[in-house]
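Q: Start counting the sequence shown at 2; every next residue gets the next number (the numbering used here).
We put the CB at the ideal spot given by N, CA and C, even for glycine.
None of the values given here were measured: they were computed from a predicted structure.
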Amino acid sequence: MVAATPKMPAAGYGLEVDGRLKVEFTTEAGARAGGEELKKRFPRLQVRIYDAETKAREEIRIP
Numbered sequence: 002m003v004a005a006t007p008k009m010p011a012a013g014y015g016l017e018v019d020g021r022l023k024v025e026f027t028t029e030a031g032a033r034a035g036g037e038e039l040k041k042r043f044p045r046l047q048v049r050i051y052d053a054e055t056k057a058r059e060e061i062r063i064p
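(1) Put Ile34 into one of helix, strand or coil per three-state DSSP.
(2) Here's a check: name, in chain order, each residue in its chain whose Cβ is nearer than 6 Å to the Cβ of Lys40, leaving out the five neighbours to either side.
(3) So, helix, strand or coil for Leu16, using DSSP?
(4) Which whole-angstrom value is the C-beta distance of Ile50 and Glu59, which I expect to be below 8 Å?
(5) Rounding to the nearest angstrom, what Cα-Cα distance links Arg33 and Arg45 in this structure?
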């Protein structure tokens, strides 16, 4: 059995956790806040913001 792959958002921003799309946001600030909070709680997770307009990903890093 093959799991369904969620589609990347066509607009706005998505939050990727360990390579899987989990949440969609309309603003970059919302996606960044959600990603930073998740990364602070679980520092070993790979958390990235996906920008639907540029189709680029940015990794969240907490110093």
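A: Taking the coordinates as given:
(1) Just to set this straight, residue 34 is Ala in the shown sequence, not Ile. Residue state, collapsed to three classes: helix.
(2) Val48, Ile61, Ile63
(3) strand
(4) 5 Å
(5) 17 Å
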